[in-house]
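Written below as structure tokens is the structure these notes are about.
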């Protein structure tokens, strides 16, 4: 009995320390301390619910669901167990499961205004989801939105989308018809009328084209001359973005459509060759932190053929300057395809964008058409890259089975939303673990894989190193699996609250030894992260 009382008291001490670590935003340390409390007293629902909360902060939704479920098993009347589990389901976009948990919270706490508010928001989210499912057009019959857009006609004329040539032809026919009807006299008169109309047409064409430039005359932002995106344009665009000025829709369409054309021609695994004596930079998640992206370019130079980059997914969501980030990266891709490579992350998907802000941001800054267009382009992003046949770069991680060859990755049909299982899902979602073998995913999607899995994959494919992103790291990076795997994360002070550094990796050929550079966050305008996110999710942020 004395030992049991001692363990309970000691467990409470660990809980107090864990709570303080949580307040200090040291969430991983808090998880470790809650775990020690649970080892001493496994019958406290509070410990499990608190650890679930820390997992939520690290976006480890699978682990949060397990802990919240355990809290409910220990004490079925503990409302916070349902509350935490509902929040975790929401983080994974599982609105219907979240609704069940919040209905239970409301039932247990009928007079709690916070529970009532969250239940109403969840009900609205589920109703919206059902409506979208009801009106959705099957992908097999729906025409791609990219095929319906003529960016050259946008912004032309007196608020008209009619192309110049069409307007000229229409006016010509109308004027000629009127002249013929009015005169109806000799051939000489008719010829004279045609000459006059022709002269008027020439004069009117010059006037129209002078007035009807690519965009409205009041637009003073960056402009693309013709079809070629130049460095001068990209620099001007970035300067405008720093001042929180928008790019004209005409040029935004041009950038996105040209990028889509390039990306869809690539294989799902792209081979990159870095000549001897040259270098190559790999960046991790940026997550809409535009001003930190600008700092990367300040520290390491702008993308060019002599200074190439690979951005390893999760360009958008969370940060509230995601549109500026993606247009900048796409513009560099259009300017020089070999200056920048782009990989898909788990956040380049409809389900994530709907919850974590990118969809709302695009709708606010541009329009609904762009929401659909970005979703199409994200499906064209390659899933992985290999540098000089030695370094395998992927957003998430490795696989639930051994023996996966690079040729299999190269042949994946990626032109779809990410599935919930299989090779494509695991490339985007999986995480390394310190123990050997494989385990369940702490995120609830993909899996966790050990160093033995990493080493077998490298050996089977004659590779030296895995570089991946996908996880916040205090120093901006972490080296694991006996040096065979590096995580790199390039969004410092993630969501303005994690206090982490950012990092990028420079490789120099031929040895490709990783040189890791870390950096701190820089100030940005007072627009909070998640400003455009789902209303319901912001309640938990």
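Numbering (our numbering), first residue to last: 314 to 854.
Even for Gly, the Cβ is constructed at its ideal location relative to N, Cα and C.
The three-state reading of DSSP puts residue 654 in strand, counting E and B together. Remark: C-beta atoms of residue 746 and residue 761 approach each other more closely than 8 Å. DSSP, reduced to helix, strand and coil, places residue 711 outside both helices and strands of the structure shown, so it counts as coil. Assigned with DSSP and collapsed to three states, residue 798 falls in strand. Across the set 835, 793, 827 and 800, the C-alpha of 835 shows the shortest separation from the C-alpha of residue 808. Residue 358 is positioned such that its CB atom lies no closer than 8 Å to that of residue 377. By the beta-carbon neighbour count (other beta carbons within 10 angstroms, threshold 16), residue 550 is buried.
Take the alpha-carbon of residue 805 and the one of residue 669: they are about 18 Å apart. Our two residues, residue 822 and residue 587, have alpha carbons roughly 6 Å apart in a direct line.
Rounded to the nearest whole angstrom, the C-alpha separation of residue 771 and residue 319 is 49 Å.
A direct Cα-Cα distance of roughly 34 Å separates residue 842 from residue 455. A contact is defined here as three or more CB-CB pairs under 8 Å, and the segment 597-611 meets this definition with respect to the segment 630-644. Inter-residue distance for residue 737 and residue 731 is about 7 Å (C-alpha atoms, whole angstroms). Using a 10 angstroms sphere on the CB of residue 437, the tally of other CB atoms stays under 16, which defines it as exposed. When beta bridges are read from the DSSP output, residue 625 appears opposite no residue. A residue is called buried when at least 16 other Cβ atoms come within 10 angstroms of its Cβ; residue 741 meets this threshold and is buried. Rounded to whole angstroms, the separation of the alpha carbons of residue 693 and residue 610 is 25 Å. Each of 781, 775, 796 and 465 was checked against the Cα of residue 764, and the nearest Cα belongs to 796. Take the alpha-carbon of residue 536 and the one of residue 411: they are about 46 Å apart.
The segment 709-720 makes no contact with the segment 678-694: fewer than 3 CB pairs, one atom from each, lie closer than 8 Å. DSSP lists 699 as the beta-bridge partner residues of residue 584. Residue state for residue 661 is assigned as coil, using DSSP reduced to three classes. Classified as buried, residue 782 has 16 or more neighbouring CB atoms from the shown chains inside 10 Å of its CB.
The three-state secondary structure of residue 589, taken from DSSP, is coil. Around the beta carbon of residue 715, a 10 Å sphere encloses fewer than 16 other beta carbons of the protein chains shown; the residue is thus reported as exposed. Contact annotation: the segment 318-336 touches the segment 347-357, with at least three C-beta pairs closer than 8 Å. For residue 828, the uninterrupted beta strand (DSSP E) segment begins and ends at 828-832.
Our two residues, residue 749 and residue 743, have alpha carbons roughly 15 Å apart in a direct line. Annotation for residue 338: 810, 811 and 812 place their beta carbon closer than 7 Å to its own, counting only its chain and skipping 5 residues before and after.
The segment 621-629 makes contact with the segment 590-598; the number of CB pairs closer than 8 Å reaches 3 or more. Residue 392 is classed as buried because its beta carbon has at least 16 other beta carbons within 10 Å across all chains shown.
Within the same chain, 648 come within 7 Å of residue 543 by CB-CB distance, once the 5 residues on both sides are set aside. Of the candidates 345, 643, 371 and 617, 643 places its Cα closest to the Cα of residue 629.
DSSP places residue 362 inside the alpha helix (DSSP H), whose first and last residues are 358-370. Secondary structure at residue 620: strand, using DSSP grouped into helix, strand and coil. When the beta-carbon positions are compared, residue 825 and residue 704 come within less than 8 Å of each other.
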